[in-house]
Structures are given as structure tokens and as C-alpha cells.
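Notes for the one structure printed next.
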Amino acid sequence: MKHYQLLILTTLFLLTNCKKQPEIGLITEKAMVVSARKEASKIGSDILTKGGNAFDAMAATELALAVAYPYAGNIGGGGFMIYRMNNGEIGALDYREKAPMNATKDMYLDSLGNVIPGKSTLGAMAVGVPGTVAGVFEAHKKFGTLPIEEIIQPVIDLAKQGVIVTKKQQKRLEKHTPNFRKANKNTILLDNNWKEGDTIRYSALAETLSRIQKNGRDEFYKGETAKKLAQFLQDNGGIITEEDLANYQAKWRTPVVFTYDDLKVISMAPPSSGGVCLAQIMNGIEPYKIEQYKHNSTEYIQVVTEAERRAYADRSHFLGDPDFVEIPQAKLISKEYSKERMKDFSFEKPTSSDDVSHGKVEFIESDETTHYSIVDQFGNAVSVTTTINGAYGSKLYAPELGFFLNNEMDDFSSKPGEPNMFGLVGAEANKIEPGKRMLSSMTPTIVEKEGKLFMVVGTPGGSTIITSVLQTILNVHEYNMGMQEAVNQPRFHHQWLPDVIRMEPNSFDESVKQRLKNLGYTIDETNSPVIGKVDAILVLPNGKLEGGADHRGDDTAAGF
Ligand code: DON
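Each step along the sequence shown adds one to the number in UniProt numbering, with nothing skipped, and position 206 is 206.
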């Protein structure tokens with residue numbers, strides 16, 4: 001061999017071997033919990049180790065997040081759970097917040113009919129009747145196996161011992177402290193200049209949890225906690241009454257189910273738009289044989305964007321609480337319908353959102369929610385997204401009870417055509433009515449392949465939730481990525497209005513972006529430092545589990 005040939009071979013060898021290997025997430029044999037904080041994942045996983053099932057772990061993880069991750073974890077908010085039992089039985093639990101009985105359609109408008117800034121987002125008027133405690137107890141009552149007292153104990157212990165502040169948490173607290181001061185009469189626990197490495201002890205929350213542990217679900221809805229909560233909200237100018245709390249019920253729903261290639265996707269039904277919208281987008285792109293396009297290439301982004309645009313336009317018009325509005329769900333999630341909707345798409349130029357519908361909106365940066373995924377040692381799976389809507393919800397913190405209240409009322413359409421904090425516009429279907437649930441984008445999802453459990457996935461991110469779940473599924477299914485690798489990939493998002501493709505900054509190929517711009521797409525990399533924070537579990541071909549815990553946060557997988 002000549003010298004230069006040897007040199008070429010050596011260089012080639014080095015290049016191939018230096019190529020960055022995709023990151024592999026935690027691999028376990030049997031069971032796993034992936035959530036936004038390691039303390040919560042561990043408490044959930046420990047419950048599984050004790051012999052509990054995915055529903056016991058759900059109760060533990062949900063409550064542990066309320067302690068360890070007050071940014072979004074909660075007992076003052078609500079959420080959705082999708083489950084799949086080891087025998088293939090599926091279901092959905094809706095513990096979404098509700099509008100109080102004194103709510104009115106125009107409660108966030110001034111006398112001229114204009115939206116009053118901040119009224120649906122900051123302070124007591126923004127709060128919906130919380131559903132989380134009802135959700136936890138409902139799931140446990142139906143499927144749990146360990147005594148609830150045993151499940152809550154480690155959470156109380158954590159609240160008493162305290163939780164260490166992470167670097168990311170310090171930053172979030174710094175950012176939101178000014179609003180804590182606006183929303184609260186007195187200085188709150190989290191407004192204490194907390195620094196990375198400090199330990200925050202949540203003693204008031206520990207006491208509330210101890211009362212719930214002793215008295216059960218009704219403590220929160222009819223007991224001392226309910227009385228104190230209603231009084232506190234009213235003292236702060238809110239309208240939630242003891243009666244609103246007493247009347248709250250979580251509801252079992254039928255999940256949205258659809259196929260994509262050889263996958264069966266099981267996702268959340270209304271009052272979340274998640275499952276319907278995800279079905280519409282996946283049905284829209286399925287005929288294009290996505291795997292022929294390079295990952296995150298111009299063509300891939302075009303097809304996905306155009307399907308997203310059409311689905312979000314429908315979301316805005318058709319979707320709301322199914323207990324109040326009629327939703328043409330079967331039609332919306334049918335393959336023919338999405339095919340028809342995609343008929344005017346061309347690779348030559350973007351469809352204008354004005355042609356899909358009318359209205360102009362400004363995008364406002366989104367805040368927080370949290371998702372966790374669980375697979376237990378029996379093969380049951382649980383996918384839960386839970387929220388107080390914005391970061392620290394309404395910022396209103398009940399000091400005696402030790403938790404933040406949601407600002408979920410902002411997910412209603414305060415005024416037709418007016419964007420909410422996620423830039424989403426709504427219409428009649430999502431107007432405020434007493435006792436109604438506000439429309440959500442939360443998309444807790446479980447995917448089956450060949451009749452077996454394949455993936456458990458979900459994320460926070462407001463309107464970007466649906467598109468982040470979509471891309472994570474496609475990364476695995478179309479591009480053969482592992483779970484962590486799929487979660488790590490940069491994400492983009494289109495929601496009809498505003499008519500822009502949002503992209504995580506500095507993570508997409510320059511030439512791809514340039515080609516999209518040349519075609520007439522507007523790209524916005526300023527608004528979304530991160531899109532979604534996906535926590536997911538993949539069942540590998542050998543039956544082991546791989547966790548995908550999003551490094552965009554402090555998210556962690558735990559299991560055995
Ligand atoms: O239910 C919804 O769609 C919103 N309240 C979710 C909020 C959220 O994801 C905030 N996180 N970025």
C-alpha cells in the first residue's frame with residue numbers, strides 16, 4: 001500500500017470512529033419512571049420496587065412533583081392520564097380544572113369588550129377549580145394496589161427534608177420573583193433569593209399532604225383544606241367557592257386511538273386537543289412516506305408544518321369541553337379528512353394561514369407544565385401530563401397550605417379571535433361557561449407496535465406539546481432513533497397562527513432554513529429557547545426499557 005493510500009485509510013478510520021455516537025438513555029430490565037425531577041422519579045420507582053403498580057407509582061410521582069417541582073408539579077392544578085394495561089386494555093382519566101360556577105363568558109373583558117391584560121394569568125381570578133388530588137385518588141381507587149397512606153408517606157418525608165435547588169431552578173425563580181410579588185400580599189416561601197445547592201423545606205405542604213393522607217380525597221374538596229383554600233382565594237379577589245371544590249369530579253374518558261403505519265397511537269381525548277390534533281397531523285403526513293426525507297430536512301419540515309397548520313386551524317374552531325360542545329371527532333381523525341385537507345399542499349410554496357382561516361396573532365412565550373412516563377414490572381404503562389399552566393401557575397401561593405394555584409382559566413378563549421398566552425386563538429367552542437373545562441393541548445400518549453407496548457411519551461410546552469410528541473414518535477419510528485436520541489433532537493413547531501415556523505435556535509441546518517425562507521416560510525428562532533421537555537420510555541426489541549429524559553430540564557429516569 002502506498003503512503004498516501006494508508007493516510008486516506010487512516011483518516012477515514014478516524015473520521016468514522018470519531019463520529020459522535022448517539023446518546024443512550026437509562027436502560028432497565030423491568031420498570032421505569034421518567035419525570036422532571038430525580039426526587040420524583042426515585043419516589044415513583046421506589047413504589048414499584050415495593051411491589052406497587054404503575055398507578056401506585058403515578059400517585060407517588062404526581063404528588064412528589066408537587067413537592068420537588070413547584071414550577072409545574074402541583075396539587076393546585078390538573079392533568080390527564082392515559083394508561084395501557086399489560087393485557088392491552090386502555091383508558092384515559094381527565095382531572096382537568098373547571099371554571100368556577102360564578103365564571104362568566106366575559107369575565108376577562110373590560111366594559112369596552114377588551115381583554116384586561118393579566119386578569120386570566122396572574123392572581124386569584126385566573127384560577128380554575130383544581131383537579132389533581134381528585135385525579136390521583138381516582139386512579140388509585142380504580143387500579144392501585146398499595147395503601148394510599150404508604151404511597152404518600154415518602155412524599156411527606158421529602159417535603160419535610162426539603163429539596164435541593166438546581167441551577168436551572170435558581171434561574172427560573174429569579175425570573176419569576178417579580179410576579180410572585182405582584183400576585184401575593186406577603187412574601188412567599190419561594191421568594192427568598194434561593195441559590196443552587198440550597199435546600200427548600202416545604203413544611204406547610206407537608207402538613208396539607210399529611211391531612212390528605214389521613215382524611216383522603218375529600219380533605220382537599222370538603223375538609224379543612226377546602227375551607228382554607230376557598231377562603232384564601234376569596235380574600236385575594238377570586239370567585240372559587242367551597243361549593244365549587246365540593247362539586248369537582250375527575251372523569252374517565254375514552255382515549256383517541258388511531259393508526260400510523262404499523263403503530264397504534266393512544267392519546268388524550270377532549271377536553272384536550274392533544275389526541276385529535278396529533279391524529280390529524282399524523283394522518284396528514286402518513287401518505288408522504290416520511291422516511292424518504294432526511295431528518296429535519298426542508299421537505300420533512302414542509303410536510304409536517306403544513307399538516308400542523310391545518311390541524312391547529314381546526315383545533316381553534318372545533319375543540320372544547322365535550323361535556324359542553326359537540327365535536328365532530330370521528331370525522332376530524334379520519335384518514336380521508338386529513339387527506340382532503342392536505343390536497344392543496346405543494347412543495348413549491350407555503351399555504352398561507354390566511355387562506356386556511358382569518359386573524360392575526362402575536363406569539364407570546366410559553367411557560368410550564370410537566371409530563372412523566374411510567375412502565376411497571378408487570379408491563380402496565382401510564383402516561384401523565386399535569387399542569388398549573390404558566391410557570392408557578394397564577395403565581396398565587398397559599399402560604400398556609402403550601403402550594404401554588406393554577407392560571408388554567410387562560411386556556412379558555414377569553415374573546416373569540418384573541419390569542420391566549422400560547423398565542424392560541426379560540427372560538428365559541430372554548431368560551432368560558434360555569435363548570436366547563438378549558439381546552440388543553442396536553443398530549444400524554446402511549447404507542448403500540450404489533451399489538452405490544454412500544455412507547456410512553458409526553459411533554460410540557462403549551463401549544464408546542466402536540467408537535468413535540470409528534471416529532472419524538474417520528475424520530476423513533478421513521479428515523480430509527482433510540483429514546484434518548486429521539487428526545488435530544490432539535491424541534492420545530494407551527495400552529496397555524498401566527499404563520500411562522502418556530503425553531504429551537506442554532507440547531508437546524510443553515511441551508512435548510514435558507515431554503516425554507518426562499519420558499520416563503522417565516523422562521524422564528526427568537527421565541528423558543530426550548531420547545532417541549534419530553535420524558536419518554538421505549539420498549540427495546542429485547543424487552544428492556546430505554547428512558548429518554550430531556551436535558552432541556554433537570555429531567556431524570558429511574559428504574560430497575
Ligand atoms: O393544558 C394546556 O394545554 C396548557 N395549560 C399547558 C401548559 C404548558 O404546557 C405550559 N408549559 N410549557
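No residue lacks a Cβ here, since even glycine has one placed at the ideal position from N, Cα and C.
Residue i versus residue j: straight-line alpha-carbon distance, rounded
i	j	result
His531	Ala427	Checking the displayed sequence, the identity of residue 531 turns out to be Ile instead of His. Distance between the alpha carbons of Ile531 and Ala427 is about 25 Å.
Trp496	Ile537	30 Å
Phe363	Asp499	Summary for Phe363: the model assigns pLDDT 42, below 50, so the residue's position carries little reliability; its value from the coordinates is reported in the next sentence. Rounded to whole angstroms, Phe363 to Asp499 spans 10 Å at the Cα level.
Ala557	Thr121	32 Å
Tyr479	His295	7 Å
Asp554	Ser210	27 Å
Val165	Lys195	7 Å
Gly320	Arg96	12 Å
Glu485	Glu23	6 Å
Tyr293	Glu348	16 Å
Ala66	Ile388	10 Å
Phe324	Lys431	10 Å
Lys544	Pro322	38 Å
Asn102	Tyr392	24 Å
Thr241	Asp94	21 Å
Ala279	Asp235	44 Å
residue 563	Asp535	No answer is possible for residue 563: the residues shown for the chain start at 1 and end at 560.
Val155	Asn192	23 Å
Val456	Leu474	13 Å
Pro490	Glu368	19 Å
Phe143	Trp252	13 Å
Gly423	Thr467	15 Å
Glu174	Pro70	14 Å
Arg315	Lys171	34 Å
Asp106	Gly417	14 Å
Close Cβ partners of residue i (< 7 Å) along its chain, the five nearest in sequence each way excluded
i	result
Gln377	Lys30, Ala31, Leu48
Phe318	Ile327, Pro328, Leu332, Ala429
Asp550	Val487, Lys533, Val534, Asp535
Phe55	Ala139, His140, Phe143, Gly144, Val382
6 Å CB neighbourhood of residue i in its chain, flanking five on each side removed
i	result
Pro444	Phe80, Ile82, Met268, Ser383, Val384, Thr385, Gly458
Pro147	none
Ala398	Phe232
Ser272	Phe80, Ser440, Met442
Asn283	Lys335, Ser338
Ile501	Thr305, Phe492, His494, Tyr521, Ile523
Met409	Ser120, Ala126, Gly128
Leu26	Gly547, Ala557
Met448	Per the sequence shown, residue 448 should be read as Glu rather than Met. Same-chain partners within the cutoff: Lys264, Phe454.
Asn420	Asp410
Ile239	Pro100, Asn102
Of the listed residues the options, nearest to residue i (C-alpha basis)
i	options	result
residue 583	Asn420, Gly451, Phe412, Val425	Given that the chain is displayed from residue 1 to residue 560, the structure contains no residue 583 and the question cannot be resolved.
Ser45	Ile151, Ala66, Lys20	Ile151
Gly390	Phe180, Val456, Met101, Gln161	Phe180
residue 562	Ser111, Glu39, Phe137, Asn184	Outside the shown range of the chain (1 to 560) lies residue 562, about which nothing can therefore be said.
Ala36	Gly223, Pro460, Ala99	Pro460
Glu286	Leu545, Ala307, Pro419	Ala307
Gly162	Gly462, Ala204, Thr187, Lys175	Ala204
Gly131	Tyr221, Lys182, Asn527	Tyr221
Lys38	Lys343, Lys50, Ala64, Lys227	Ala64
Val265	Lys171, Ile281, Met421, Ser297	Ile281
Leu108	Gly559, Ala124, Ala246	The question names Leu, yet the displayed sequence has Tyr at residue 108. Among Gly559, Ala124, Ala246, the Cα nearest to that of Tyr108 belongs to Ala124.
Leu189	Met342, Leu26, Lys395	Lys395
Ala68	Thr467, Arg437, Ile200, Pro255	Ile200
Glu40	Pro505, Ala72, Glu89, Lys20	For clarity, residue 40 is Ala in the given sequence; the question names Glu instead. Out of Pro505, Ala72, Glu89, Lys20, Ala72 has the C-alpha closest to the C-alpha of Ala40.
residue 580	Gly435, Ile240, Gly135	Residue 580 falls outside the range modelled here, since the chain spans only 1 to 560, and no answer is possible.
Leu245	Gly423, Asp261, Lys228	Lys228
Asn407	Asn488, Gly78, Gln234	Gly78
Ala159	Ala226, Asn74, Gln302	Asn74
Ser353	Asp198, Val425, Glu450, Glu149	Val425
Asn215	Asn87, Val133, Gly197	Val133
Assumed close pair residue i, residue j - CB separation to whole angstroms, cut-off 8 Å
i	j	result
Met58	Ile374	6 Å
Phe404	Gly76	5 Å
Leu470	Ala381	Not quite, the Cβ-Cβ distance comes to about 19 Å (not below 8 Å), so this is no contact.
Ala99	Gly435	6 Å
Phe560	Thr28	6 Å
Leu516	Thr298	6 Å
Ile90	Pro350	Going by Cβ atoms, the distance from Ile90 to Pro350 rounds to 37 Å, so no, they are not a contact pair.
Same chain, Cβ closer than 8 Å to residue i, five either side skipped, listed in chain order
i	result
Val356	Arg309, Arg310, Ala313, Trp496
Glu291	Glu478, Tyr479
Gly52	Ala60, Gly144, Thr145, Leu146, Ile151, Asp376
The segment 152 to 172 touching the segment 105 to 118, judged by at least three CB pairs closer than 8 Å: Under the Cβ criterion (8 Å, minimum of three pairs), the segment 152 to 172 does not count as touching the segment 105 to 118.
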